[in-house]
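A.B. asks: Residues 822 to 1297, numbered by this note's numbering, are exactly what the sequence shown covers, in order.
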Amino acid sequence: MNHLADLLPKLFPDSQIAKDIRLKRTKVQAVINNCIGETEKENLISDLKSQMFSILIDESTDIAVVKTVAVVVRYFDPMIGKVITRFWNLIQLFDEKTTDHVANAEKLFNTVIGSFQKYEIPTENIIGFGSDGCNTMMGCNNSVSSRFRQRCPGIIVIKCICHSLHLCASDACKELPLNCEKMARNIYNYFKSSSKRQSELKEFQYFAEADVHKILRPAQTRWLSLNAVVQRILEQWDVLRLYFNSKWLEESECHDIHACLNDPIIKAYYYFLAWMLPKFTTLNSCFQSESILITKLHGKMTAFYKELLLLVLHRNYVNSAPIETIDPMTEINHKDLKDIYLGLGVQKELDSVENEERKLTLRKMCKNFIIRACVGLRKRYCFNEKIMTEIAKFDLEKVISDDREESVSSLFPLLPRIAPTSIQHQQELDDEWRKLPLYYKDLDLSQPPDVFWHQVSFHVNSKQREFILVSIVIAA
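#1: Leaving out five residues on either side along the sequence, give the residues of the same chain with a beta carbon under 7 Å from the beta carbon of D992.
#2: Quick one: residues in its chain with C-beta nearer than 7 Å to the C-beta of R1006, no 5 flanking neighbours on either side, listed in chain order?
#3: Considering just the uninterrupted stretch of the alpha helix (DSSP H) at L986, what are its terminal residues?
#4: Using the C-alpha atoms, what's the distance from P974 back to N946?
#5: Using only alpha-carbon positions, find the residue among F1215, I1244 and K1117 that is nearest to L1257.
#6: According to DSSP, is R1193 part of a helix, a strand, or is it coil?
#7: What is the residue span of the alpha helix (DSSP H) that V1139 lies within?
#8: Can you tell me the Cα-Cα spacing of T1242 and F1204, whole angstroms?
#9: Going by C-alpha distance, which of L1055, S836 and Y1126 is nearest L1037?
#10: Along the chain, where does the beta strand (DSSP E) containing K779 start, and where does it finish?
#11: Distance, Cα to Cα, V965 vs A926?
#12: What does the Cβ neighbour count give for R846, buried or exposed, with the cut at 16 atoms within 10 Å?
#13: Out of curiosity, what's the CA-to-CA distance linking E1071 and Y1027?
#14: At which residue ranges does the region 1030-1118 contain complete beta strand (DSSP E) runs of 3 or more residues, listed in the order of the chain?
#15: Can you give me the start and stop residues for the beta strand (DSSP E) that S936 sits inside?
#16: Please report the distance separating the alpha-carbon of Q872 from that of F897.
#17: Please return the same chain residues whose Cβ sits closer than 7 Å to the Cβ of V887, not counting the five positions on each side in sequence.
#18: On the three-state DSSP scale, how would you describe E880?
#19: Excluding the five sequence neighbours on either side, which residues of its own chain have a C-beta within less than 8 Å of the C-beta of G1120, listed in chain order?
#20: Should the region 1179-1193 be called in touch with the region 970-985, which here means at least 3 C-beta pairs below 8 Å?
#21: Under a Cβ-count criterion, where at least 16 other Cβ atoms within 10 Å of its own Cβ denotes burial, should Q1057 be classed as buried or exposed?
#22: How far does the alpha helix (DSSP H) with K862 in it reach, from first residue to last?
#23: Use the C-beta contact count for H1034: other C-beta atoms within 10 angstroms, 16 or more gives buried, fewer gives exposed.
In structure tokens:
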């Protein structure tokens, strides 16, 4: 911030005002907090008083051991014609005068809802709530979400999909030998504090004509980052094996690493992880994007779940049974171990292993990984959730398809906070939906969903806007 005054004349060379500005950190901070920040807050309050919005929260404890809850709102802004996400507040849960330091569901809910009531924002405008899946946030009876359901009947509650995928992958990896993760940590710890060892490793990389890359650190909490660690170790496997072959007789701390690097079964596990983890990370990255994916959520989760099921269950069973009734644990529907596909890398390594018992153990553990991941997905995502099934019908690909829904009336009882309440307005909305295919040629279908529906709302026929209701409801 100390350099802002020097930067402004370069950004606006034709402005005398920019040249005359004299600002340093203290004044810049005061301007941001008391002028720009306050104005933006007032604009946001005005928007939330007139627009339906969703609330996203996350509890955290900072390095000063101060417990806070971050609150973000998400809503459709008609002025810019798209869904936007805005920071609402970072609320400190306890102050020095507080004697009760328990951050339970009641405390969190009252804190969050109070931050909106303070500015007289009507709770009738709250249509959605999202958070991670812990019991305090998402428990059935005594949680923040259950209190939102009581205060705002008909609210849509969604667990964080990225957090759920993270937990599924982390839980599934417990089925694999501890040596896999232990080896990754041991290799990183061996090199991390020694410039000499890192320099020696570079020499081996040059000798083997391998990419000169550092060994990555396996994160303790961001478990899906292990994918990058696995990929890097596989990339450097031959180099590392050569290096530790030269060290294990001299240094005792190299013994375990040396044994693992020369074990084709351990390498097979790494190939399995290198094949399986990207399935989670790719989907996770997709849902972390700023794009509007609510209409694709159910389809992507269903497709991913089926992909995993088909690895261990008979295809005819998975394709014929309703997905919500499939139990991954029912052994009668399991494939034989020899028929389970574990990736080409695994098969390549197993071809060099003569011990059939070890090969069988690997297949069992990899199968258990997949089953546990499926069980975790089934536990954390409701595949027969009617609301998500209905919302999926508004994906643009389905909206313009020949087998689109003839009516959206099935949506009305599921989304009472969004759908019109009178039969007259419901009929008008349904009529707009039914005649929408007549005007596809006039619409730009390549746009993001929120921008598309905003465009639809301004479609004019005989000087009248024809799709106001349907665009408002779907954009919300």
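We put the beta carbon where it would ideally sit given N, CA and C, even for glycine. If you're wondering where the values come from, they're calculated on a predicted model, not measured in any experiment.
C.D. replies: Short version:
#1: R1193 and G1197
#2: P1039
#3: I982 to A993
#4: 12 Å
#5: F1215
#6: helix
#7: R1136 to S1141
#8: 28 Å
#9: L1055
#10: With the chain covering only 822 through 1297, there is no way to say anything about residue 779.
#11: 5 Å
#12: exposed
#13: 23 Å
#14: none
#15: Per DSSP, S936 belongs to no beta strand (DSSP E); it is in the alpha helix (DSSP H), A926 to Q938.
#16: 7 Å
#17: Q913
#18: strand
#19: A1213 and D1216
#20: no
#21: buried
#22: G858 to S871
#23: exposed
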